[in-house]
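To keep things clear, I will list the structure first and then write my remarks on it.
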Amino acid sequence: MRELNARGLIHDITEAKPGQIVLLSGRMQMVDLVLMNDLLEPALDMELSNMPSLTDAHRRKKREKAEENGTLIKMFSALPKLLQVRIFDDTKSTWCTIRHVDMMQDSFSIAMKHGVTVRGQWHVLAVLDALPDDTELDEKAFEYMTDLDNGYFTALLHIRTMMGRRFNEYGISPLAIFRKLT
Numbered sequence: 012m013r014e015l016n017a018r019g020l021i022h023d024i025t026e027a028k029p030g031q032i033v034l035l036s037g038r039m040q041m042v043d044l045v046l047m048n049d050l051l052e053p054a055l056d057m058e059l060s061n062m063p064s065l066t067d068a069h070r071r072k073k074r075e076k077a078e079e080n081g082t083l084i085k086m087f088s089a090l091p092k093l094l095q096v097r098i099f100d101d102t103k104s105t106w107c108t109i110r111h112v113d114m115m116q117d118s119f120s121i122a123m124k125h126g127v128t129v130r131g132q133w134h135v136l137a138v139l140d141a142l143p144d145d146t147e148l149d150e151k152a153f154e155y156m157t158d159l160d161n162g163y164f165t166a167l168l169h170i171r172t173m174m175g176r177r178f179n180e181y182g183i184s185p186l187a188i189f190r191k192l193t
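This is the structure we're talking about:
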């Protein structure tokens, strides 16, 4: 890191361009999609078992909810089992994913210890991949899209806004995540 800094290769994220190395600091949030996927079905089953089923209307509503839950479970099971991480401060937020095998401590232990937001000031050395509000689309690409491509693009956009990088966040590929020991 000293060598990168000495060569002027580490940039402030607010001034960096995609592909450049950045160093940022802030608070950290983690969302474990493996844990979420593992807990989803039992949680939805508990919700379903608590629904009343005395009348035909109750039973119909319960059946509809069960079908809806089944669709949600299928969708979640198809997603990659990654760890989503946000590093944020009072003015900006960055989003990235990390493979579980790249963690020194398992994410479940971190979640049980801290909850969603992990205490302390965290530092990340990363490659900047995406800028906030980067809605620049390659118009030429749309000329070559099939209807299937367009459907995939639309579905992916909805999934991204539901559970991925928000439009006002930076996207990064972390090289190192650490905090200073005191």
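In terms of the numbering used here, the sequence shown is residues 12 to 193. Note that beta-carbon positions come from the ideal geometry of N, C-alpha and C, so glycine has one too.
Three-state secondary structure assigned by DSSP to G30: G30 falls in the coil class under three-state DSSP.
Helix, strand or coil at Y163 [DSSP, three-state]: Three-state result, Y163: helix.
Validate contact between the segment 161 to 168 and the segment 115 to 125 using beta carbons, cut 8 Å, 3 pairs: Touching, no.
When Y155, L142, R171 are compared against Q31, the one with the closest alpha-carbon: Selected option, being the one with the closest Cα: L142.
D194 (DSSP reduced to helix, strand or coil): In the structure displayed, the chain extends from 12 to 193; residue 194 sits before or after that span and is not available.
Counted within 10 angstroms of its Cβ, other Cβ atoms place D160 as buried (16 or more) or exposed: Of the other Cβ atoms in all chains shown, fewer than 16 fall within 10 Å of the Cβ of D160; this residue is therefore exposed.
Coarse secondary structure for V127, derived from DSSP in three states: Under the three-state reduction of DSSP output, V127 falls in the coil class, being neither helix nor strand.
The segment 92 to 112 contacting the segment 167 to 181, beta-carbon criterion three pairs below 8 Å: Using a Cβ-Cβ distance cut-off of 8 Å, the segment 92 to 112 and the segment 167 to 181 are in contact, since at least three pairs of beta carbons, one from each stretch, lie closer than that value.
Inter-residue spacing [alpha-carbon to alpha-carbon] between D144 and I170: The alpha-carbon atoms of D144 and I170 are separated by roughly 17 Å.
Of the residues D100, V138, L51, M62, the one placed nearest S36, counting alpha carbons only: Among D100, V138, L51, M62, the Cα nearest to that of S36 is on D100.
Length of the line joining the Cα atoms of G182 and L65: Roughly 49 Å separates the two Cα atoms.
Contact check, Q40 vs R97, beta carbons under 7 Å: Yes, these two residues count as a Cβ contact at 7 Å.
Backbone secondary structure at R97 - three-state DSSP: For R97, the three-state secondary structure derived from DSSP is strand.
F178, DSSP secondary structure in three states: In the three-state scheme derived from DSSP, where H, G and I count as helix and E and B as strand, F178 is classed as coil.
Of the listed residues F153, F189, T157, E58, nearest to W133 (C-alpha basis): The candidate whose alpha carbon is nearest that of W133 is F189.
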